[in-house]
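Quick notes on the structure that follows.
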Amino acid sequence: MDSRLNAFLERADAVLARIEPLLPAPRQAIDWTHCLAARWQREGRSGFLLPLQVSLDTRLSDLIGVDRQLEQLGRNTRQFLDGMPANHALLWGSRGTGKSSLVRALLSEHAKSGLRLIEIERDHLADLPRVVEQIAKLPQRFVLFCDDLSFESGEGDYRVLKSVLDGSLEQAPDNVLLYATSNRRHLVPEKESDNENWKRVDGELHPSEAVEDKIALSDRFGLWLSFYPFTQEHFLNVVEHWIGQLADKAGLEWQRDEELDILAVRWATGRGNRNGRCAYQFARYWVGLKLLEHKA
9 MDSRLNAFLE
19 RADAVLARIE
29 PLLPAPRQAI
39 DWTHCLAARW
49 QREGRSGFLL
59 PLQVSLDTRL
69 SDLIGVDRQL
79 EQLGRNTRQF
89 LDGMPANHAL
99 LWGSRGTGKS
109 SLVRALLSEH
119 AKSGLRLIEI
129 ERDHLADLPR
139 VVEQIAKLPQ
149 RFVLFCDDLS
159 FESGEGDYRV
169 LKSVLDGSLE
179 QAPDNVLLYA
189 TSNRRHLVPE
199 KESDNENWKR
209 VDGELHPSEA
219 VEDKIALSDR
229 FGLWLSFYPF
239 TQEHFLNVVE
249 HWIGQLADKA
259 GLEWQRDEEL
269 DILAVRWATG
279 RGNRNGRCAY
289 QFARYWVGLK
299 LLEHKA
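For our numbering, count along the sequence shown from 1 and bump the result up by 8.
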């Protein structure tokens, strides 16, 4: 009997040795008193929260020309932190205009007040109930952040997402909000064919069911904030801000002049966009160039 038991145990050990590398590693609970942000990581049919080392360098004062959006989302976030009613927010508009930066700057501003950020990809939003379950009873206040939330024509996932958002967010605890960014206000592209079945009733236009279905996803967000392309003056003001920030760190003396403005405009024209990201990239290029000149 002992020999048969020993043989069985040896076989069991051999099987476990082969299976163990395939099993997910044990995850330690995140210490949210020190961790400020995490990312939901899909693993097989489940997932886990991966702690992130985040930089708090981006400040609200770095966001130039978006005062209205900053004020509205900042007020909504303060309501949330104070335990008052607050809305899920959709930040939509042109690329590189500060949508994601605004959310991260709010983390820098309010981290000491208990604000935490959890990044979740669009394709993982079906896991929202699992994420919410892990943070529901914690004292911190969590913003679930989905960057670039949009769908391509023909994708039907947005219908599934609507039901997930309804079920997860309407019943979400008081310490959870969803902030999302998108280049589209309605998240799903609208086709010309969607408008073919609009009806006129007593002089009023009524949209087709296809349009109503696509707009309904955006309606899950109570706060909509729009971001528009920069004017040339706005762009140059942002360039001036970032050059000032980078030059101060490097100990570089500089002065804004017409030649600098011309170079910045040419830089933006060559890239076909005039936004905050482009302004920051030009500032890094120009400051780096001047530092090389001084070194030579």
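By construction, the Cβ of each residue, glycine as well, lies at the ideal position given by its N, Cα and C atoms.
- Here the segment 249-260 makes no contact with the segment 104-123; the two share fewer than three CB pairs at distances below 8 Å.
- Secondary structure note for residue 127: it is in no alpha helix (DSSP H), and the uninterrupted beta strand (DSSP E) holding it is 123-127.
- Residue 240 counts as exposed, since fewer than 16 other C-beta atoms from the protein chains shown sit within 10 angstroms of its C-beta.
- Counting C-beta pairs with one atom in each stretch, the segment 182-193 and the segment 79-97 have three or more that are closer than 8 Å, which means they touch.
- In the DSSP assignment, residue 101 falls within the beta strand (DSSP E) that extends over 97-101.
- If you keep only unbroken alpha helix (DSSP H) runs of at least 4 residues inside the segment 13-59, you get nothing at all.
- At least 8 Å separates the beta-carbon of residue 303 from that of residue 260.
- The bridge partners DSSP lists for residue 149 are 123.
- Judged by beta-carbon spacing, residue 285 lies beyond the 8 Å limit of residue 91, meaning their Cβ atoms are not closer than that value.
- If you compare the alpha carbons of 77, 148, 130 and 87 with that of residue 154, the shortest gap goes to 130.
- Going by C-alpha positions, residue 87 is about 52 Å away from residue 26.
- For the pair residue 52 and residue 138, the CB atoms are not nearer than the 8 Å cut-off.
- With a cutoff of 8 Å on beta-carbon distance, residue 47 and residue 127 are scored as near each other.
- In this structure, the CA atom of residue 276 is about 45 Å from the CA atom of residue 146.
- Exclusion of the five residues before and after residue 106 leaves 71, 74 and 284 as the residues of its chain whose Cβ lies within less than 6 Å of its Cβ.
- For residue 235, the uninterrupted beta strand (DSSP E) run begins and ends at 231-235, by DSSP.
- Across the structure, residue 280 and residue 237 are spaced so that their CA atoms are roughly 12 Å apart.
- As DSSP reads the structure, residue 189 sits in a beta bridge with 99.
- The three-state secondary structure of residue 111, taken from DSSP, is helix.
- In its chain, beyond the 5 residues on either side, 113 and 116 have a beta carbon closer than 7 Å to the beta carbon of residue 67.
- Secondary structure note for residue 245: its alpha helix (DSSP H) is the uninterrupted segment 240-258.
- Residue 81 sits away from residue 44, with the two beta carbons spaced by 8 Å or more.
- The alpha-carbon of residue 152 is positioned some 19 Å away from that of residue 234.
- About 15 Å separates the Cβ atoms of residue 262 and residue 270, ruling out a contact at the 8 Å cut-off.
- Residue 246 and residue 24 have their C-alpha atoms roughly 59 Å apart.
- Distance from the CA atom of residue 39 to the CA atom of residue 140, rounded to whole angstroms, is 16 Å.
- In this structure, the alpha-carbon of residue 102 lies about 12 Å from that of residue 108.
- Residue state for residue 62 is assigned as coil, using DSSP reduced to three classes.
- Comparing alpha-carbon positions, the option among 124, 243, 180 and 136 lying closest to residue 149 turns out to be 124.
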